[in-house]
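Worksheet for the structure shown next.
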Amino acid sequence: DVIIISNDTGSIGILFGYDEGFEPQKTYSTGSSPSSVAVGDFNNDTLLDIVVANQGDNTTSVLLGYGNGSFANQTTYSAGYGPTSVAVGDFNNDTLLDIVVANENDNTISVLLGYGNGSFANQTMYSTGNSPQSVAVGDFNKDTQLDLVVANIDDNTVSLLLGYGNGSFANQTTYSASSDSSFVAVADFNKDTQLDLVVTDSNGVNVSVLLGYSNGSFANQTTYSAGYGPTSAAVGDFNNDFWLDIVVADEDNTVDVLLHYNRAALGNEITFASGGGSRLRYVAIDDFNNDTILDLVAVNYGTNDIGVLLGNGNASFLEQKTFPTGSNPYSLAIGDFNNDGKHDFAVANYGSKNIDILVGNGKGTFTHQLIDGCDLNFAPVAVSTGDFNNDKQSEIIVAYDNTDNIDIFATVDPGAFKDQLTYSTGSWPHSLAVGDFNNDTLLDIVVVNLFDSTVSVLLGYGNGSFADQLTYPTGYFPQSVAVGDFNNDTLLDIVIANQNDNTISVLLGYGNGSFANRTIYSTDAYPLFVAVGDFNNDTRLDLVVANQGDNSTSVLLGYGNGSFADQLTYPTGSNPQSVAVGDFNNDTRLDIIVVNQNDNTVSILLGYGNGSFTDQTTYSTGSSPESVAVGDFNNDTLLDIVVGNYDDNTVSILLGYSNGSFTNQTTYSTGSTPSSVAVGDLNNDTQLDIIVSNRIDNTLSVLLGYGNGSFANRTIYSTDAYPLFVAVDDFNNDTRLDIVVSNGGDGTIDIFLGYFSKIFQYQMTLITGEKSVPRSLIAVDFNNDTYMDIVVANSGTNNIGIFLGFGNNSFLNQTTFTTGSGPWSLAVADLDNDNRLDIVVSNINDSNISVFLGFGNGSFTNQTIYSTGSNSEPYSVAIGDFNNDALLDIIVANYRAS
Numbered sequence: 010d011v012i013i014i015s016n017d018t019g020s021i022g023i024l025f026g027y028d029e030g031f032e033p034q035k036t037y038s039t040g041s042s043p044s045s046v047a048v049g050d051f052n053n054d055t056l057l058d059i060v061v062a063n064q065g066d067n068t069t070s071v072l073l074g075y076g077n078g079s080f081a082n083q084t085t086y087s088a089g090y091g092p093t094s095v096a097v098g099d100f101n102n103d104t105l106l107d108i109v110v111a112n113e114n115d116n117t118i119s120v121l122l123g124y125g126n127g128s129f130a131n132q133t134m135y136s137t138g139n140s141p142q143s144v145a146v147g148d149f150n151k152d153t154q155l156d157l158v159v160a161n162i163d164d165n166t167v168s169l170l171l172g173y174g175n176g177s178f179a180n181q182t183t184y185s186a187s188s189d190s191s192f193v194a195v196a197d198f199n200k201d202t203q204l205d206l207v208v209t210d211s212n213g214v215n216v217s218v219l220l221g222y223s224n225g226s227f228a229n230q231t232t233y234s235a236g237y238g239p240t241s242a243a244v245g246d247f248n249n250d251f252w253l254d255i256v257v258a259d260e261d262n263t264v265d266v267l268l269h270y271n272r273a274a275l276g277n278e279i280t281f282a283s284g285g286g287s288r289l290r291y292v293a294i295d296d297f298n299n300d301t302i303l304d305l306v307a308v309n310y311g312t313n314d315i316g317v318l319l320g321n322g323n324a325s326f327l328e329q330k331t332f333p334t335g336s337n338p339y340s341l342a343i344g345d346f347n348n349d350g351k352h353d354f355a356v357a358n359y360g361s362k363n364i365d366i367l368v369g370n371g372k373g374t375f376t377h378q379l380i381d382g383c384d385l386n387f388a389p390v391a392v393s394t395g396d397f398n399n400d401k402q403s404e405i406i407v408a409y410d411n412t413d414n415i416d417i418f419a420t421v422d423p424g425a426f427k428d429q430l431t432y433s434t435g436s437w438p439h440s441l442a443v444g445d446f447n448n449d450t451l452l453d454i455v456v457v458n459l460f461d462s463t464v465s466v467l468l469g470y471g472n473g474s475f476a477d478q479l480t481y482p483t484g485y486f487p488q489s490v491a492v493g494d495f496n497n498d499t500l501l502d503i504v505i506a507n508q509n510d511n512t513i514s515v516l517l518g519y520g521n522g523s524f525a526n527r528t529i530y531s532t533d534a535y536p537l538f539v540a541v542g543d544f545n546n547d548t549r550l551d552l553v554v555a556n557q558g559d560n561s562t563s564v565l566l567g568y569g570n571g572s573f574a575d576q577l578t579y580p581t582g583s584n585p586q587s588v589a590v591g592d593f594n595n596d597t598r599l600d601i602i603v604v605n606q607n608d609n610t611v612s613i614l615l616g617y618g619n620g621s622f623t624d625q626t627t628y629s630t631g632s633s634p635e636s637v638a639v640g641d642f643n644n645d646t647l648l649d650i651v652v653g654n655y656d657d658n659t660v661s662i663l664l665g666y667s668n669g670s671f672t673n674q675t676t677y678s679t680g681s682t683p684s685s686v687a688v689g690d691l692n693n694d695t696q697l698d699i700i701v702s703n704r705i706d707n708t709l710s711v712l713l714g715y716g717n718g719s720f721a722n723r724t725i726y727s728t729d730a731y732p733l734f735v736a737v738d739d740f741n742n743d744t745r746l747d748i749v750v751s752n753g754g755d756g757t758i759d760i761f762l763g764y765f766s767k768i769f770q771y772q773m774t775l776i777t778g779e780k781s782v783p784r785s786l787i788a789v790d791f792n793n794d795t796y797m798d799i800v801v802a803n804s805g806t807n808n809i810g811i812f813l814g815f816g817n818n819s820f821l822n823q824t825t826f827t828t829g830s831g832p833w834s835l836a837v838a839d840l841d842n843d844n845r846l847d848i849v850v851s852n853i854n855d856s857n858i859s860v861f862l863g864f865g866n867g868s869f870t871n872q873t874i875y876s877t878g879s880n881s882e883p884y885s886v887a888i889g890d891f892n893n894d895a896l897l898d899i900i901v902a903n904y905r906a907s
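The sequence shown: position 360 = 369 (the numbering used here), numbered continuously.
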C-alpha cells in the first residue's frame, strides 16, 4: 500500500493495493503543509503507524494504525523550524522506534525518542548543514549504532551524524554533493556491504551518488543526468540483475530510472511521464501487486492524485494508474493499515489539509477510505506510521507546515448502526426484553403494550428480522417486562408489572414461542418496573418490583415451580421509577438499586443473601431520574451505575467501590428527556458503552466508553415516535450487538443492526516547540523498549526532536538535538553497526547533512556534519548499502545542485 503527502491540503492519502492496482485513497488530516512521511510500529502492537513532518507548523504528526487500513487521529509533536523530512529508527537501542526530523529553516534535525506506546519524548536537536531537506538513517560506520544522513539544499552538501546508540549523535561531518540537494536515499550500490547515498539536485538535472566507507565517511560524489528538477529518489532492482537501480521524480512531470550496470555506477536515465502539470513531490518503491517485481508510486502535487507505475522486471514500467487524493498531495507513507497483508497508502494533502487513506487489494489498485474528524487547521507536509499503543494496528503521525506540533491519529470503531427496521406492536409499547422463547437458539423480543394491556412476542429469524407479533393479555396498564426461567424447566417465562391494578403477571413459557395464561401476584401501589434475580441463594429466581404509589420495592421469593411467595416490602425514595440488580459490595449476594424520581436519588439496598435487605442508602443523581442500568465502566471488576435523568437531559455515572458505596455522579449530555438506558460493548473494544432512548426528540444516544469510567460525546440515531425503552443484543448472529427500542407514539419497535466500521480519529498532539515547523518525521524504537518513538525534523528551530513512546499512545516531551539550518528530511538506520539506531538529517539551508549516532536509550551524540555541496540545498536523505560492503551509506537529494 502507499501513503502520499498532500502538502497544500494538509493531509495524507493512503492507497490500498489489490490485484488490479490501488483502491481510491483514504484521507487523514495532518499538520500544516506536510512534507514527508515515514512508517513504523510506534506502539509495539505489530501494526504499522504513520509519522508525518509538517513544514507549515513545525510539528510531526503520529497516526496510530488499527491494522485494517484505518488510523487514529493525529497526535502532534514539536519539531524544529520548517521540518521537511522524517525518518524512523531505534537510536538508543531500547527496541523502541524513534523519530528523526530534518528542520529546514533552523539547520537542524530533531530526534524524538519513542516510548513504545505511540508517544515520544521532546525533541533533541542537532546542527546540520544549511537548509536540510531530507534525512535518512543507517549504520554508516559499522558500529551497529544507527547514524543519520541529511541532505542540505543551501550549501550543496550531505551531513553525516554518527549515532552513539543512546539516542544522541556526534556532530555532523559534511560531504559535497550536487547543488540544491533536496533528497537523499540510502542503499548499497557497489555490493561492498557499505551503505552509499543517492542525492537529487532539485534545481538542476543531476543525481549524485556518494559511495560509503566502513568508517562512516563517503567518497566524492559521482553525478548522473536525470530530468529537470529531480526532487525525490528511491532505490530498487528494476531489471532483476541483482544490482540496485535508482528511480527519480522530476519537476518536469517525469520519472527517471537509472539502471546500474557496474560497481556503484548507473546507466543513462529512462524517463516515465507522470502526467502534465503533475509537479511530482515524492516517489516510493515497493511491490504493490505481489508479483515480486518492484513498482513505483509517485505523488502528483499538481494533479491531486498519486500515480502507480507497475514494474515489468526489466527496468520498464506500465503507464501509471492514477488514484485521486486531496488537494496538492505532498508526501506519502506505505504500510498495511487494515492488517490484510497488502500495501496501503497514507497521503498527506497540503492543499486540502487532510490525510487520505487508500486501501490496497494486493493487485496494484487502491480504494479510498473515508476518514472521520481529520479536517486540519494546517497543511500537512510529512506523514509516517507506527503502532504507538500496542493495539496491533497502525497509527498515523502527521507533521504540518508552519506549526509547532505533530499529531497522532488512531483508528476507532464507532459502534455504527444501519438504518432501523420497524415492526408493529400493540398500542403504546412501553418496555421490552430479549430471550429465546422457542428454543431455536435465535433471539426473540417481548414487548408490553400499555394502552391495550397486552404483551407482544416477536419471534426472531436470526438475521435481524422478526415474525409478526403474537399477543397475550396482561394486567391493566402494563409498564415493565422481564424474562427468566421461573419453574426450572429450562424454558423462558415472562413477568410483567401492571401499574393500574397493583399486580404482576407471570406467563410460563412452553418453549415453542407460546405462553400459558397469566398468574397474578399482588404488589404495592402502582408497580412500574420489575427485575429478576436470586436474592436468597436457593438457585430459584425471585422478583423485585418498584412501586411508584407508596414509595417501596416489593420482593417476591420464587419457589422454583413458577409460583412466588407473598411480597416483602422495603421503603425507597419518593416516586420510584426503575430497579436493577447486581452485587455491589462483592459479597456474592445480590443487591438492589432503585431510581427515585421526585428525590433525584438512587437507593441502594444491600442483600443479606436470605431474601432480606438492609435499609436504603441514597446517592444524588440528576433531575428526575427515570431509568438505571449496571455495568463495570472503569474495568476495576466492581459494578458501576448509569442513571437516565429525564428533566435535565443527562445520564449520571456513579462508579462503585467494593463496599457497596459509590462516588459522586459524573454527568454526560443525552437527547431530550432520556427515558431508558442500556449497557453493552457496541464497538467490540471490550469497553462497556451506554445507549439512551430520548423520548421527546425521537432519538437514541450512544456514548462509547473509554474503559476508565469516562465516555465519549454522544452519537445520535433517529427513531420512530416517542422511544420509551431500549435494550441490546445480537439479533443477527454477527458477533456485534444490535439495539431494539420501543416507540410508544406509533406502536412499533425499531431494530438497529450494528456493523463493523473503522475510522480514523484525532488522538493526541505532540508539541515540537515554538516556531519549530516540523518538516519530516519517522517512527522507530530509539531506546529499545519495544515501544515506538518518533523523530521529527524541526526546520524552524534547527533541531530534531525525539519523542519517546510509552506504548499507550503517550509520549515523553521531546528531547531535541541541534542540527544544521533548516533540517528538512530524516533517515534512520544503524550507521555505525552498534545495533543502535542513528539519525541522518538533511539541512537545506546549510547544504549539509547531520549524522546523530544513537546510544540506544533515546539519546544521541552531537551531530557530525557532511557537506552536500555549495548551495546544494539537500532536500531529502536516505540510507542504504550502496556498494555492497555491508556498511550503510547515505544518499542526499540536493534541491539546487545538478
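No residue lacks a Cβ here, since even glycine has one placed at the ideal position from N, Cα and C.
Cβ-based neighbour list, residue i, same chain, cut-off 7 Å, excluding 5 preceding and 5 following
i	result
residue 274	Its pLDDT being 44, under 50, residue 274 is placed unreliably by the model, and the measurement read from it follows with that caveat. Cβ within range, chain order: n/a, list empty.
residue 32	24, 25, 367, 368, 369, 370, 374, 375, 376 and 377
residue 589	540, 602, 637, 638 and 639
residue 351	10, 25, 26, 27, 345, 369, 370 and 371
residue 893	197, 199, 200, 201 and 202
Exposed unless 16 or more other CB atoms sit within 10 angstroms - verdict on residue i
i	result
residue 496	buried
residue 725	exposed
residue 889	buried
residue 336	buried
residue 442	buried
residue 744	exposed
residue 499	exposed
residue 482	exposed
residue 548	exposed
Unbroken beta strand (DSSP E) run spanning residue i, endpoints
i	result
residue 134	131 to 154
residue 748	747 to 752
residue 330	330 to 333
residue 869	868 to 870
residue 162	No beta strand (DSSP E) holds residue 162; DSSP gives it neither H nor E.
residue 552	551 to 556
residue 902	898 to 903
residue 604	600 to 605
residue 183	181 to 185
Contact set for residue i: own chain, Cβ-Cβ below 6 Å, skip 5 residues either direction
i	result
residue 224	150
residue 322	249 and 302
residue 644	716
Residue i at chain D interface by Cβ criterion, 8 Å
i	result
residue 319	In summary, chain D is missing from the structure at hand, where a single protein chain is found.
Neighbourhood of residue i by C-beta, 8 Å cutoff - its chain only, sequence neighbours within 5 removed
i	result
residue 674	628, 629, 630, 631, 652, 661, 662 and 663
Segment contact flag, the region 848 to 866 with the region 163 to 178, C-beta cutoff 8 Å, min 3 pairs: Taking 8 Å as the limit for Cβ pairs, the verdict is that the region 163 to 178 does touch the region 848 to 866.
Which residue spans inside the region 663 to 702 form an unbroken beta strand (DSSP E) run of at least 3? The region 663 to 702 contains these whole beta strand (DSSP E) runs: 675 to 678 and 683 to 689.
Evaluate the contact criterion for the region 661 to 674 versus the region 735 to 742: three or more CB pairs, one atom per stretch, below 8 Å. Three or more beta-carbon pairs separated by less than 8 Å are not found between the region 661 to 674 and the region 735 to 742, which leaves the two stretches without contact.
Across the region 88 to 106 and the region 779 to 795, are there enough close Cβ pairs to call them in contact, namely three or more that are closer than 8 Å? In this structure the region 88 to 106 lies against the region 779 to 795, because at least three pairs of beta carbons, one per stretch, are closer than 8 Å.
Using a Cβ distance threshold of 8 Å, determine whether the region 107 to 118 contacts the region 78 to 93, with at least three qualifying pairs required. Enough Cβ pairs lie closer than 8 Å, so yes.
Complete runs of the beta strand (DSSP E) confined to the region 74 to 131 [at least 3 residues]: Counting whole runs of 3 or more residues, the region 74 to 131 contains the beta strand (DSSP E) stretches 84 to 87, 92 to 98, 107 to 112 and 117 to 121.
Whole runs of the beta strand (DSSP E) within the region 827 to 859, excluding any shorter than 3 residues: Taking only runs of at least 3 residues, the beta strand (DSSP E) segments lying wholly in the region 827 to 859 are 832 to 845 and 847 to 854.
Are at least three pairs of beta-carbons, each pair with one atom in the region 75 to 87 and one in the region 425 to 436, less than 8 Å apart? The region 75 to 87 is not in contact with the region 425 to 436.
Below 8 Å, can you find three or more Cβ-Cβ pairs linking the region 412 to 420 to the region 450 to 466? No, the region 412 to 420 is not in contact with the region 450 to 466.
Ranges of the beta strand (DSSP E) found wholly within the region 198 to 241, counting only runs of at least 3: With a minimum length of 3 residues, the continuous beta strand (DSSP E) runs that stay inside the region 198 to 241 are 205 to 210, 215 to 219 and 231 to 234.
Is there contact here, the region 801 to 814 with the region 769 to 784, by at least three beta-carbon pairs under 8 Å? Counting Cβ pairs under 8 Å, three or more are found: they touch.
Does the region 830 to 848 come close enough to the region 812 to 821 that 3 or more CB-CB pairs lie under 8 Å? Too few Cβ pairs lie closer than 8 Å, so no.
Flag this pair as touching only if the region 46 to 58 and the region 116 to 129 have three or more C-beta atom pairs under 8 Å; answer yes or no. Between the region 46 to 58 and the region 116 to 129 there are three or more C-beta pairs closer than 8 Å, enough to call the two in contact.
Are three or more beta carbon pairs between the region 605 to 612 and the region 682 to 694 nearer than 8 Å? The region 605 to 612 is not in contact with the region 682 to 694.
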